[in-house]
Every structure is written in C-alpha cells, then in structure tokens.
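A.B. asks: I'd like to ask you about the structure that follows.
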Amino acid sequence: PAALAIRHARHKALSVLRPGLSGLVIGVDTIVVLGRSVLGKPAERDEARRMLLRLSGRSHRVISGLAVHDTGTGRTRTASEESRVTFRPLTRDEIERYLDTGEPFDKAGAYGIQGRAGAFVSRLEGGYPNVVGLPLSRLMAMLFACRDER
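Counted from 1, the sequence shown has number 9 at position 9 by our numbering; the numbering is strictly sequential.
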C-alpha cells in the first residue's frame with residue numbers, strides 16, 4: 001500500500017510540471033487500508049456508509065505518500081508515512097448523521113479526523129498530521145534534504 005500512495009503522490013507532483021516552472025513541486029496522496037482493502041474516496045452515500053460500517057470498532061492504517069520534485073536538479077524524492085487509527089464502535093444513527101454533514105465524500109476512507117469524525121477515534125498511533133493528509137515532519141525533512149543538495 002505504501003508504494004501505491006507514493007506512486008499517486010509522484011503522479012500528482014509530476015503532472016503539474018510545465019516548461020519554465022522552477023522550484024520544488026510537492027505531491028501528496030493519502031490512503032486508508034483496512035486489512036487487505038484500500039478504501040478510497042466514496043463515490044456516493046451508500047459506499048461511504050459501507051466504509052464507515054467496516055471501520056466501526058476496528059483498527060486501520062492511514063498511509064501518506066509524498067513526492068518532492070526539484071525542477072533544478074530533475075530529481076524526485078519520495079517517502080511514505082504510516083499511522084494506525086482505531087475507531088470506537090459506531091451506531092448506525094451516528095453514521096447517518098455524519099453522512100448528512102457531507103464531510104465523508106472527498107476523503108479516503110470516508111472520514112476526516114480533523115472534522116466531526118475525530119470523535120470516532122478511540123486510539124491513534126503515529127502522527128495526527130499524517131492522518132489529516134500531510135505528514136509535516138516528513139515533508140520538512142525532504143525539503144531540507146533538497147535545500148542541502150543545492
């Protein structure tokens with residue numbers, strides 16, 4: 001799964017390159033993994049409901065892939081970071097109310113820890129910024145490495 005997140009992040013970074021663009025280009029992609037299943041962004045309410053029911057009372061992994069492309073050197077650095085999130089058991093009513101907010105529909109795994117779904121979390125191992133979708137300390141280390149290479 002980490003390779004998938006990195007591949008998506010790399011694609012995002014490289015897809016915006018244009019002639020004359022200079023500097024560092026950052027791509028990030030975050031995926032939610034439950035067992036052997038990768039949970040993407042739900043296309044509609046029923047899919048989001050199914051995802052949240054599957055996550056209820058269980059632990060899952062949140063993996064962010066990062067890519068930093070240096071237009072000056074042509075080099076692309078990649079990395080990933082993983083966190084483990086456990087949801088408390090959710091009631092169907094809680095899930096329906098959360099779906100009514102519209103929050104789940106643009107987020108991998110149908111939830112955003114930084115929003116109302118933060119109340120679903122009973123345990124977090126690893127970085128909170130990673131679960132939000134931007135592992136800041138890992139990104140900063142990559143940016144400093146690019147600077148030091150110049």
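Where a beta carbon is used, it is the ideal one built from N, C-alpha and C, also for glycine. All figures in this text were calculated on a predicted structure; none of them were measured in a lab.
1. For Gly118, which residues from the same chain have a beta carbon less than 7 Å from its beta carbon, with the 5 sequence-adjacent residues on both sides left out?
2. CB-CB under 7 Å to Val158, same chain, minus the five flanking residues each way: which ones, in chain order?
3. Are the Cβ atoms of Ser56 and Gly127 separated by less than 8 Å?
4. What separation, rounded to the nearest whole angstrom, lies between the Cα atoms of Gly72 and Leu14?
5. With burial defined as no fewer than 16 other Cβ atoms inside 10 Å of the residue's Cβ, what is the status of Pro89: buried or exposed?
6. Buried or exposed for His69, please, with buried defined as at least 16 other CB atoms from any protein chain shown within 10 angstroms of its CB.
7. Using 8 Å as the threshold, is the C-beta distance between Leu139 and Leu66 below it?
8. Excluding the 5 residues preceding and the 5 following Thr30 in the sequence, name in chain order all residues of the same chain whose CB lies nearer than 6 Å to its CB.
9. Can we say the region 96-111 touches the region 30-49, given the rule of at least three CB pairs closer than 8 Å?
10. Quick check: the Cα distance between Thr76 and Lys41, rounded to an integer number of angstroms?
11. Could you check whether Glu103 and Arg92 sit closer than 8 Å to each other, using their CB atoms as the reference points?
12. Any idea what DSSP makes of Ser15, helix, strand or coil?
13. Give every residue of the same chain whose Cβ lies closer than 8 Å to the Cβ of Ser22, excluding the five residues on either side of it in the sequence, and list them in chain order.
14. Quick check on Ser59: does DSSP put it in helix, strand or coil?
C.D. replies: Considering the structure as presented:
1. Closer than 7 Å at Cβ, skipping near neighbours: no residue.
2. Not covered by the structure: residue 158. The range shown for the chain is 1 to 150.
3. No.
4. Gly72 and Leu14: Cα-Cα distance of roughly 14 Å.
5. Exposed.
6. Label assigned to His69: buried.
7. The Cβ atoms of Leu139 and Leu66 sit closer than 8 Å to each other.
8. The answer, listed in chain order, is Ser64, Ala108 and Gly133.
9. In short, these stretches touch, since the Cβ pair count reaches three.
10. In a straight line, the C-alpha of Thr76 is about 26 Å away from that of Lys41.
11. Inclusion of Arg92 and Glu103 in the CB contact set at 8 Å is not warranted, their separation being larger than that value.
12. Reduced to three states, the DSSP call for Ser15 is helix.
13. Cβ neighbours of Ser22 beyond the five flanking positions: Thr71 and Gly72.
14. Taken through DSSP and simplified to helix, strand or coil, Ser59 comes out as strand.
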